[in-house]
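J.:
Residue numbers (the numbering used here): 723 to 1700.
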């Protein structure tokens, strides 16, 4: 085993804090649901949200670059904790993954990753480790990749030694009892079902199916109930025995690397051989590869992906040839591929390169892919789009690698590395333990980030392989529906395969002309060279200070006196009274922001790659502008944004392009059960219709409003009776359902908000144990502390599948859980109560890890106009005065007579919901009766409300949301200030 122990020195003076100091060891705890791409593409910003986010297309690409399977810890998934500097963390990387799956048990490596956490001989409780972590402010995670499996956790430092022992026992003597196998198979299957509607995962599985049959890339790496339960029973395969054998063979110290971040210094090294697949090269040298694949996507999107399978490039990590090529291919400045496509209104986004995950890079090959999000017109001209890509590549091959450009990228990466902000220890150790599998010890910390050596021959060797005759073309479009007669085995992706058109094949085989409009990028003027800290010109303050307050608004300033890095964060909220006046205005505002981002993309791109980040968000109440980066060049970027905002214009073709794209974006939000459920829940708020407006820049015109209106929503007061809103999923054929049961408290103060957080923290582990581990209802089950414009509540959510469970049955199980949780609360010991309070105090009392976390927290106060910058301190004071009786009574109040309860069900398609089996639905390519042709996407402009069955006969069913809320009282505007 290789082990790296990282000493965590806290504080600027370099002194490690005393291990027994309990007042400042842990992280703060902030509710923020995971953001997804479509939400941000249309600019929906949660109150208090401060995520940077990405646009719809980029995050879809980003999704595809995650590890195959991420076991998202339910606590960490819901909450981005602040300041984990004083957490201790450990990560273990095992040099074995799904490539090592036996051929008769697909998904076994992934299944084993689940099973080892189901108790150990020394600590036999199935959920004991999670319960221990939750009790002490910790979290855990795991993921299975093609050639590696990673486990990681973090916890309060004083509990780290015991947590490390509990964690280590999973690898020394896991229980893996037979009784748990059938139950945990359901969790693996639910994870697979949740992944099925993802276009990025579907593309991966389809692409993997093109590999040679004897290559591990062609395996079904996810695993599901069919491969791990049904088929093994039919074939008399003892899964329990095979799991044990797999664990004994591969979960061995000589395959492992360990990274630990805590106090103390030490080191241990030993060689780590691992399963070797490096002899199985060129898996995609098959006749099926160099063809055009047409695919029907789940989302409404046109996209062209051009892919090459190259010899493995990991050994060239010091040169990073694919990073150099990707930097040029993905450039968005003048003379780039995307610049030309945008001018033609053919493309919205382009991403090129290699994600360095196991799917894209392993010991048998390295992928280089270029994915282009097309407009309707771009889809019609996709061969011309591909031709432009090949022309650019030919230009790069003709010119050869450029030392000037390589050194520019090298300088940008070096600047970012030397002035990078700290990451959470749990993320850091995860990266390092994987690096220890890939690089020599001197490059453990830098091997994946820095570019060391310019070797033009290495870059040319990879670049010269990127030719049309070696490329695979994958074209996604809903227009392909009804034309694709083939289905990928595991994800059911509809596709067809054809030869590339003869005209283009012949053109690309010859010496085709270059496009004179394509050229290399000029020297980047945004790269910082001055990293000196600004001389202080004002006294240090603990919290932001208001330095301007007039008709145009107010300006807050906080000098960084803690992290002392040459970077700044600047954020503005330009509030408009017209945004929320009508649905039409909301759409026009989304269009405005999308077009503004489009107009800025090319001129601001060089700043973006030089680590000057910007984000324009269509917020709920106006435009949010966020910029951050090195002080030296940040004003250049900010002035550029203001210039384009002041001189905004939209050409008719650009307007039409984004109007059409926005329809697709809205559709892609609505077909996700979790998004539809969220939208239904948010109907408990009603829109306000005037806001106080200000721009803060001299180039922009502004007008003072006569009345200042708070940037909040008014929230409806739910009736004192159980109401059920049950709607059918808008994604036809998707088995995934979501059930959320919400209890509303009402407008409350800071003390009650903290009490609600404590309640939900108590609830997390029992909720997971009851609804997932024991009842196996779904992969994602979690409670949430809800703060909707100052109106508090809590909810329990289960994501399940209609092929397994009826949503009403799921709700009855949630009710059973809440009953059992009530009993647990009534018998709560003083010690258990005190332990949980201490954990939450530590979470809130921990220092910020980096400047961005401090900015996020203060920005939340500014953007919601609450300005309680010492909120954490006040919450800690409130926690220290809380009693067990208060907590128990708080829960019982919500469960007693007259509670305000709303259930929202988004119902998937499956036999448990009385839908016909999927086989009965028309297969791709089947003839349909004339006049009945309808997209599998279905109709998204209208919700289908479903009645309640006898299981929930006592609930009042909602069949018209607008009519329902029109009868309800509105709470007054409310801020949680004291």
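Where is the CB? At the ideal position from N, CA and C, for every residue including glycine.
All of these numbers come straight from a predicted model, not from anything done at the bench.
Please confirm whether residue 1560 has its beta-carbon closer than 7 Å to some beta-carbon of chain C.
T.: Of the protein chains in this structure there is only one, and it is not chain C.
J.: Between the C-alpha atoms of residue 1219 and residue 1211, what's the straight-line distance to the nearest angstrom?
T.: Going from the Cα of residue 1219 to the Cα of residue 1211 covers about 15 Å.
J.: Confirm, please, whether the CB-CB distance from residue 1193 to residue 1049 is below 7 Å.
T.: No, the Cβ-Cβ distance between residue 1049 and residue 1193 is not below 7 Å.
J.: Report the rounded CA-to-CA distance for residue 1186 versus residue 1088, giving the unit in angstroms.
T.: Approximately 15 Å, taken between the alpha carbons.
J.: Report the three-state DSSP secondary structure of residue 1511 (helix, strand or coil).
T.: Coil, per DSSP.
J.: Would you mind listing the beta strand (DSSP E) stretches within the region 832 to 871 that are 3+ residues and don't spill past its ends, in chain order?
T.: Counting whole runs of 3 or more residues, the region 832 to 871 contains the beta strand (DSSP E) stretches 861 to 866.
J.: I need the DSSP call for residue 931, collapsed to helix, strand or coil.
T.: The answer is coil: DSSP assigns residue 931 none of H, G, I, E or B.
J.: Considering only their Cβ atoms, is the gap separating residue 1014 from residue 1090 smaller than 7 Å?
T.: Contact flag unset, no.
J.: Please say whether residue 822 and residue 831 have beta carbons closer to each other than 7 Å?
T.: In this structure, residue 822 lies closer than 7 Å to residue 831 by Cβ.
J.: So if DSSP puts residue 1447 in a beta bridge, which residue, or which two residues, is it bridged to?
T.: Beta-bridge pairing links residue 1447 to 1626 and 1680.
J.: Round the Cβ separation of residue 1532 and residue 1522 to the nearest angstrom and send it over; I've been treating them as touching at under 8 Å.
T.: With a Cβ gap of about 5 Å, residue 1532 and residue 1522 count as contacting.
J.: Which word fits residue 1038, buried or exposed, when buried means at least 16 other C-beta atoms lie within 10 angstroms of its C-beta?
T.: Answer is buried; the Cβ neighbour count reaches 16.
J.: Considering only the alpha carbon of each residue, which of 1338, 1527 and 1111 lies closest to residue 1234?
T.: The option with the nearest alpha carbon to residue 1234 is 1111.
J.: Here's a check: name, in chain order, each residue in its chain whose Cβ is nearer than 7 Å to the Cβ of residue 1457, leaving out the five neighbours to either side.
T.: Excluding residues within five positions, the ones whose Cβ falls inside 7 Å are 915, 1523, 1524, 1525, 1630, 1631 and 1632.
J.: Closest by CA to residue 1326, which one among 1564, 1063, 1172 and 1356?
T.: The shortest C-alpha separation from residue 1326 is found at 1356.
J.: How would you write the range of the beta strand (DSSP E) that residue 979 sits in, first residue to last?
T.: Note, residue 979: beta strand (DSSP E), 978 to 984.
J.: Are there three or more Cβ pairs, one per stretch, closer than 8 Å when the region 1125 to 1144 is compared with the region 1241 to 1256?
T.: Yes, the region 1125 to 1144 touches the region 1241 to 1256.
J.: Spatial neighbours of residue 1668 within its chain, please: C-beta separation below 7 Å, excluding the five flanking residues on both sides.
T.: Result list for residue 1668: 1448, 1449, 1450 and 1629, in chain order.
J.: With a CB to CB cut of under 7 Å and the five nearest residues on each side skipped, what residues in its chain are close to residue 1515?
T.: So the qualifying residues of the chain are 1464, 1465, 1466, 1467 and 1508.
J.: Do the region 948 to 965 and the region 1487 to 1499 meet, that is, are 3 or more Cβ pairs less than 8 Å apart?
T.: In short, these stretches do not touch, since the Cβ pair count stays below three.
J.: Given residue 1321, which residues of its chain have a CB within under 7 Å of its CB, disregarding the five upstream and five downstream residues?
T.: Excluding sequence neighbours, residue 1321 sits near 1366.
J.: Quick one, are the C-beta atoms of residue 1476 and residue 1607 less than 7 Å apart?
T.: It is not a contact, given that the beta carbons lie outside the stated cut-off.
J.: Mind the definition here: the region 1289 to 1299 touches the region 1339 to 1351 only if three or more C-beta pairs lie below 8 Å; say whether that holds.
T.: Cβ pair count under 8 Å is three or more, so yes.
J.: Need the endpoints of the alpha helix (DSSP H) that residue 1582 sits in, please.
T.: Its alpha helix (DSSP H) spans residues 1573 to 1585.
J.: Could you check what DSSP says for residue 1031 in three-state terms: helix, strand or coil?
T.: Reduced to three states, the DSSP call for residue 1031 is strand.
J.: Which runs of the beta strand (DSSP E), 3 residues or longer, sit entirely within the region 1266 to 1290?
T.: The qualifying runs are 1267 to 1272 and 1275 to 1279.
J.: Closest to residue 900 by CA distance: which of 1086, 845, 963 and 929 is it?
T.: The residue with the shortest Cα to Cα distance from residue 900 is 963.
J.: If I measure Cβ to Cβ from residue 1699 and keep anything under 8 Å in the same chain, skipping five residues before and after, which residues do I get?
T.: 1471, 1472, 1588 and 1590.
J.: Looking only at C-alpha atoms, which of 1004, 1677, 936 and 864 sits nearest to residue 1153?
T.: The shortest Cα separation from residue 1153 among 1004, 1677, 936 and 864 belongs to 864.
J.: So, at 8 Å on beta carbons, what are the nonlocal neighbours of residue 891 in its own chain, with the 5 sequence-adjacent residues on each side left out?
T.: Cβ within range, chain order: 842, 843, 844 and 845.
J.: Quick one: residues in its chain with C-beta nearer than 8 Å to the C-beta of residue 1130, no 5 flanking neighbours on either side, listed in chain order?
T.: Cβ within range, chain order: 1245, 1246 and 1249.
J.: May I have a chain-ordered list of the beta strand (DSSP E) segments no shorter than 3 residues that lie completely inside the region 1144 to 1176?
T.: If we require 3 residues or more, the region 1144 to 1176 turns out to have no beta strand (DSSP E) run fully inside it.
J.: Quick one, which of 1122, 1016 and 975 has its alpha-carbon nearest residue 1206's?
T.: The option with the nearest alpha carbon to residue 1206 is 1016.
J.: Could you give the first and the last residue of the continuous beta strand (DSSP E) run that contains residue 879?
T.: Run containing residue 879: none; DSSP gives neither H nor E here.
J.: Which same chain residues end up closer than 7 Å to residue 1104 when comparing Cβ atoms and leaving out the 5 residues on each side of it in sequence?
T.: Hits under 7 Å: 1026, 1096 and 1197.
J.: If you follow the beta strand (DSSP E) that residue 1071 is in, where does it begin and where does it stop?
T.: Here the beta strand (DSSP E) through residue 1071 covers 1069 to 1075.
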